[in-house]
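Asks: First, the structure itself, so that you have it in front of you.
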Amino acid sequence: MTRTRLATVWLDGCSGCHMSFLDIDEQLLVLADQIELVYSPLVDRKDFPEDVDVTLIEGAVSSEEDLEKIRRIRERTHILISLGDCAVTGNVPSLRNSIGAEPVLRRAYLDPTLLNPQIPNQVIPRLLPLVRPVHSVVKVDIYVPGCPPSANTILYVLTELLAGRTPDLNGKTRFGA
Amino acid sequence: MTQQILIDPVTRIEGHAKITIQLNDAGDVEDAHFHVTQLRGFEKFCEGRPFHEMPSLMARICGICPVSHLVASAKACDALLAVTIPPTAANLRRVLNLAQIAQSHALSFFYLSSPDLLLGMDADIEKRNLFGVAQMQPQLARDGVRLRQMGQQIIELLGGKRIHPAWVVPGGVSEPLSSEKRDRILAMLPEGIEISARTLDWFKSVMENYADEILAFSSLKTMFLGLTNEHDELEMYDGLLRIMDADGRIVADGLNPDDYEQFITEKVEPWTYLKSPFYKPLGYPAGIYRVGPLARLNLVKSCGTPRADEALGYFRTLDSQSSFHYHYARLIEILYCFEKIDELLHTPDILSDRVRAHAEPNSEQGVGTSEAPRGTLLHHYQIDQNGLITRANLIIATGHNNYAMDRSVMQVAKRYVKSAHLTEGMLNRVEAVIRTFDPCLSCSTHAVGQMALQIQLIAPDGGVIEEVKR
Ligand code: SF4
């Protein structure tokens with residue numbers, strides 16, 4: 163039997179949605195018969211592969227690298243899922259939108275009490291002027307709100323997809339859950 | 018003209034980072050850096066918000082150690098209210114923090130590092146993960162899942178939710194502990210203790226296979242910083258800060274976290290969004306230090322619980338400077354957490370319903386500290402007359418280790434990376450030293466569509482002249 167190719171990706175989030183995914187506990191090992199985790203912070207593959215069946219996206223799009231990455235992921239994924247409020251609405255990371263990226267950088271790196279105050283700009287990606295939810299950048303197939311969505315919700319979504327059904331999340335989770 | 022090796026992303030860590038390694042004309046490692054690639058801006062966007070929102074907002078810094086942020090943030094708010102919280106509330110917060118340290122350590126050891134430790138640094142990259150561990154030694158993987166689960170279940174029983182519980186509030190906690198929940202937690206602890214002890218034995222038995230890495234991971238000598246209590250034991254919630262040098266001499270003791278600005282400041286480097294704190298009186302880089310399990314165990318005389326203290330005896334025979342021993346220290350702390358929770362839940366007033374002090378803001382600023390899984394955490398808030406935040410400063414646990422991680426990357430690269438015959442396992446060792454610190458960067462980026470190994474020829478102006486991917 164060919165296993166479903168699953169990827170999990172972290173954009174600008176707190177990793178809480180990934181932790182909630184891990185909170186399915188021993189089911190993670192049970193699901194390994196049906197699911198192959200092809201790309202994730204938990205595995206060592208560095209390149210996002212072609213032909214991924216399902217990708218869970220945690221977090222909002224907040225840097226140039228996030229943007230480039232999510233576009234690539236979209237091209238290579240059949241079912242793209244916005245997992246958690248940050249991916250669905252921008253949530254906490256988007257609190258900086260009313261302030262702008264510049265003042266955030268100035269607060270963090272130009273404070274006179276620091277040694278060598280300067281805004282870092284080598285190797286690391288630039289911040290986008292606005293933090294955006296995933297669907298404002300690429301098409302999203304399924305939305306799973308929650309901060310984070312519970313482990314049961316995530317397990318439900320995965321088992322429905324494995325059974326070839328579209329999960330119906332009505333009443334199963336909510337924003338801020 | 019130099020060659021550069023890029024490891025992007027560093028995998029099996031919590032959060033996202035890259036590593037670059039510069040090679041000279043002879044192909045030897047000249048320099049290397051650890052880059053943290055995202056800034057989230059909490060210090061700025063909390064300005065103008067009511068202080069009582071801080072615990073639940075700041076918890077969103079990190080979904081792996083939200084409880085430590087909750088605790089440090091709530092303690093800073095306690096200081097703004099100028100209250101002493103009820104002792105029961107302090108003990109309940111302690112239990113919550115210990116449960117989280119246990120689950121986070123289990124994540125680090127089993128989910129992220131055990132593949133290197135069981136399957137080997139050079140194992141097939143397709144296998145080198147938790148699922149590969151589950152195939153080869155199912156019991157080990159199950160133990161890891163169970164330990165993490167127990168920590169999370171204790172958090173859920175106390176706080177109502179595994180991730181981002183809203184139970185820790187300024188002035189204490191929102192609800193007392195019921196006897197039924199206490200008993201459920203108590204019933205879990207023996208299994209936690211047993212699994213931790215079993216894992217310590219297993220790890221001890223394989224440690225000798227890593228003699229070379231243990232040595233390579235010890236080439237960086239630094240000071241250590243962490244909280245200790247008046248009995249010179251591990252202290253995860255309160256206490257005063259101690260700094261010890263690489264030879265075990267105490268450099269500073271009894272430092273009050275409230276005064277942190279007098280002795281800690283941070284350096285900004287242009288290649289990373291993460292700042293590097295250091296001990297001000299010694300300057301930079303002499304003032305750098307490490308935090309977290311290795312530091313904590315080096316700093317104290319004892320853990321303060323019997324079985325953890327037994328394990329500490331063996332730890333004392335190990336090289337106190339090798340970052341490799343973060344792993345062993347982490348396992349001892351898991352054992353300690355379960356033992357300590359047991360002790361705390363047996364304190365006579367743990368079920369008291371006096372768990373929250375109510376007050377208006379009474380102070381213009383407040384500092385809160387706690388030990389997070391990865392080390393000492395500081396939250397510092399200033400407010401106006403209306404209780405709105407005017408300034409927030411955070412020094413996160415992983416930040417303290419930033420310089421040490423950056424330099425460790427270079428030393429391990431120098432030891433293992435040979436450009437003439439580059440292997441994936443060499444680069445995995447460079448990543449593995451980062452994993453020992455268990456950084457929680459919780460700010461992200463993953464490169465997509467790039468090969469694991471990417472070698473670039475860099476011109477003196479930094480431009481890429483040629484690129485080879487394999
Ligand atoms: S939705 Fe909540 S739990 Fe998920 S990444 Fe965002 S802040 Fe964290």
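Quick mapping for you: the protein sequence lines, in order, are chains A and B. Be aware that the first sequence starts at 163, since it is given in the numbering used here, and climbs by one per residue. Be aware that the second sequence starts at 18, since it is given in the numbering used here, and climbs by one per residue. Idealized CB from N, CA, C, for every residue including glycine.
#1: Could you check whether B/Leu242 and B/Ile260 sit closer than 8 Å to each other, using their CB atoms as the reference points?
#2: Compare the C-beta of A/Asn368 against all C-beta atoms of chain B and say whether one is closer than 8 Å.
#3: Taking 7 Å as the limit between beta carbons, can you name the residues of its chain near B/Asn108, skipping five residues before and five after?
#4: Is the CB-CB distance between A/Ile241 and A/Leu323 below 8 Å?
#5: Identify, in the order they occur along the chain, each residue of the same chain with its Cβ nearer than 6 Å to the Cβ of B/Pro72, setting aside the five sequence neighbours on each side.
#6: Assuming A/Leu331 and A/Val306 are in contact, meaning their beta carbons sit under 8 Å apart, how far apart are those beta carbons, in whole angstroms?
#7: Would you verify that the beta carbon of B/Val162 is, or is not, closer than 8 Å to some beta carbon of chain A?
#8: Does the distance between the C-beta of A/Pro310 and the nearest non-hydrogen atom of the ligand SF4 fall short of 7 Å?
#9: Count the other CB atoms within 10 Å of the CB of B/Lys292; is the residue buried (16 or more) or exposed (fewer)?
#10: Which residues bound the alpha helix (DSSP H) around A/Asp228?
#11: Quick one: what's got a C-beta closer than 7 Å to B/Ala76's C-beta in the same chain, skipping five residues either side?
#12: Along the chain, which unbroken stretches of the alpha helix (DSSP H) at least 4 residues long are found entirely within the region 312 to 387 of chain B?
#13: Distance, Cα to Cα, B/Glu388 vs B/Asn273?
#14: Do B/Met138 and B/Arg446 have their CB atoms nearer than 8 Å?
#15: In whole angstroms, what separates the C-alpha of B/Asp262 from that of A/Leu168?
#16: Could you name the residues of the region 264 to 279 of chain A whose beta carbon sits closer than 8 Å to any beta carbon of chain B, in the order they occur along the chain?
#17: Residues in its own chain within less than 6 Å of B/Arg408 by CB, not counting five upstream and five downstream?
#18: When you compare the CB of B/Ala176 with every CB in chain A, is at least one pair closer than 8 Å?
#19: Buried or exposed: where does B/Pro456 fall if 16 or more other Cβ atoms within 10 Å of its Cβ makes it buried?
#20: Could you tell me whether the Cβ atoms of B/Val384 and B/Ala96 are closer together than 8 Å?
#21: For a contact meaning CB atoms closer than 7 Å, what does B/Pro26 contact in chain A?
#22: Tell me, please, which residues DSSP counts as bridged to B/Asn410.
#23: Could one say the Cβ of B/Asn146 lies closer than 8 Å to chain A's Cβ atoms, at least one of them?
#24: Return yes when the Cβ of A/Leu267 is within less than 8 Å of the Cβ of A/Ser225, no when it is not.
#25: Taking the straight line between their C-alpha atoms, what separation do you get for A/Arg258 and B/Trp219?
#26: Hey, would you say the C-beta of A/Gly221 is under 7 Å away from at least one heavy atom of the ligand SF4?
#27: Leaving out the 5 sequence neighbours to the left and right, which residues in its chain are closer than 6 Å to B/Gly442 when beta-carbon positions are compared?
#28: Quick check on B/Glu247: does DSSP put it in helix, strand or coil?
#29: Can you tell me whether B/Asp133 is buried or exposed, with buried defined as 16 or more other CB within 10 angstroms of its CB?
#30: Establish whether the CB of B/Glu350 and some CB of chain A are separated by less than 8 Å.
#31: Terminal residues of the continuous alpha helix (DSSP H) containing B/Tyr296?
#32: At a Cβ threshold of 8 Å, is B/Gly271 touching chain A?
#33: Whole angstroms are fine: how far does the CA of B/Asn41 sit from the CA of B/Lys178?
#34: Is the beta carbon of A/Val254 within less than 7 Å of some heavy atom of the ligand SF4?
#35: Can you give me the start and stop residues for the beta strand (DSSP E) that B/Ile202 sits inside?
#36: Using 7 Å as the cut-off, classify the Cβ of B/Ile81 as near or not near the heavy atoms of the ligand SF4, replying yes or no.
Replies: Reading from the atomic positions:
#1: yes
#2: The question about residue 368 of chain A has no answer, for chain A in this structure spans 163 to 339.
#3: Leu361, Thr364 and Ile367
#4: yes
#5: Leu87, Ser90, Ala91 and Val185
#6: 6 Å
#7: yes
#8: yes
#9: buried
#10: Glu226 to Arg238
#11: Pro83, His86, Leu87 and His181
#12: 323 to 332 and 343 to 362
#13: 14 Å
#14: yes
#15: 46 Å
#16: Pro265, Val266, Leu267, Arg269, Ala270, Tyr271, Thr275, Leu276, Leu277, Asn278 and Pro279
#17: Gln399
#18: It should be noted that the sequence gives Gly, not Ala, for residue 176 of chain B. So no, B/Gly176 is outside the interface.
#19: buried
#20: yes
#21: Lys208
#22: B/His397
#23: yes
#24: no
#25: 47 Å
#26: yes
#27: Met138 and Asp139
#28: coil
#29: buried
#30: no
#31: From DSSP, B/Tyr296 is part of no alpha helix (DSSP H) but of the beta strand (DSSP E) over Ser293 to Tyr296.
#32: no
#33: 52 Å
#34: yes
#35: Taken as a continuous stretch (DSSP letters only), B/Ile202 belongs to no beta strand (DSSP E), being part of the alpha helix (DSSP H) at Ser196 to Met224.
#36: no
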